[in-house]
Amino acid sequence: MKINPKNGIDKLIFGMKQSDVTAIYGKPDRNYKDEDDNVIFAYNKLKTRLTFYVEEEFKLGYIVASSPELELFGYKIINRKISDVKKDLAAKGITKFTQEEFDTFENYFNEENWIIFQTEFDEVVKFEIGAIFNQKDEFDWKFGKK
Numbered sequence: 039m040k041i042n043p044k045n046g047i048d049k050l051i052f053g054m055k056q057s058d059v060t061a062i063y064g065k066p067d068r069n070y071k072d073e074d075d076n077v078i079f080a081y082n083k084l085k086t087r088l089t090f091y092v093e094e095e096f097k098l099g100y101i102v103a104s105s106p107e108l109e110l111f112g113y114k115i116i117n118r119k120i121s122d123v124k125k126d127l128a129a130k131g132i133t134k135f136t137q138e139e140f141d142t143f144e145n146y147f148n149e150e151n152w153i154i155f156q157t158e159f160d161e162v163v164k165f166e167i168g169a170i171f172n173q174k175d176e177f178d179w180k181f182g183k184k
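Numbering (the working numbering), first residue to last: 39 to 184.
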């Protein structure tokens, strides 16, 4: 599953509606609302959780994934040492990360691409990517754009 920075993962593109996603991937294994009334789709086979924002007409705005098939710039990221992943990203000009620690987990956040690598015991266990904002501080929806 190819990660497309600022756009989404695989065929998932920020700005899609729930019907666009189900047309490609079928019915989710779980479908529920979070505490903010956003709609969450979970696909077990893809090891992916999708968030459709209630305040944005239920457009896909956030993806959390832990599939070992995830690739960023041709490199697998899950179950790899964060130091190796960061070296691969540095070669692509992605070097700024804010680091957060909690319990045995650490998050490495790159705001420019709105991506988070969550690590445990120094290995990437989860990847998160969100829709980016434009100059007007509004979501820059990619779905439907040419």
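Here a beta-carbon is modelled for each residue, glycine too, at the ideal position from N, C-alpha and C. Quantities reported herein were computed from a predicted structural model and do not represent experimental measurements.
Legend entry - Under 9 Å between C-beta atoms of Phe143 and Leu127: no
Inset, instruction - Provide the residue span of the beta strand (DSSP E) that contains Leu127, from first to last. - result: Premise fails: Leu127 lies in the alpha helix (DSSP H), Ile120 to Ala128, not in any beta strand (DSSP E).
Legend entry - Where Glu94 falls: helix, strand or coil (DSSP): helix
Inset, instruction - Taking Ile41 and Glu109 to be in contact with their CB atoms under 8 Å, please state how far apart those CB atoms are, rounded to whole angstroms. - result: 6 Å
Legend entry - beta strand (DSSP E) segment containing Ile154, residue limits: Ile153 to Glu158
Inset, instruction - Spell out a yes or no on whether the stretch 44 to 57 and the stretch 116 to 123 are touching, meaning 3 or more CB-CB pairs, one atom from each, closer than 8 Å. - result: no
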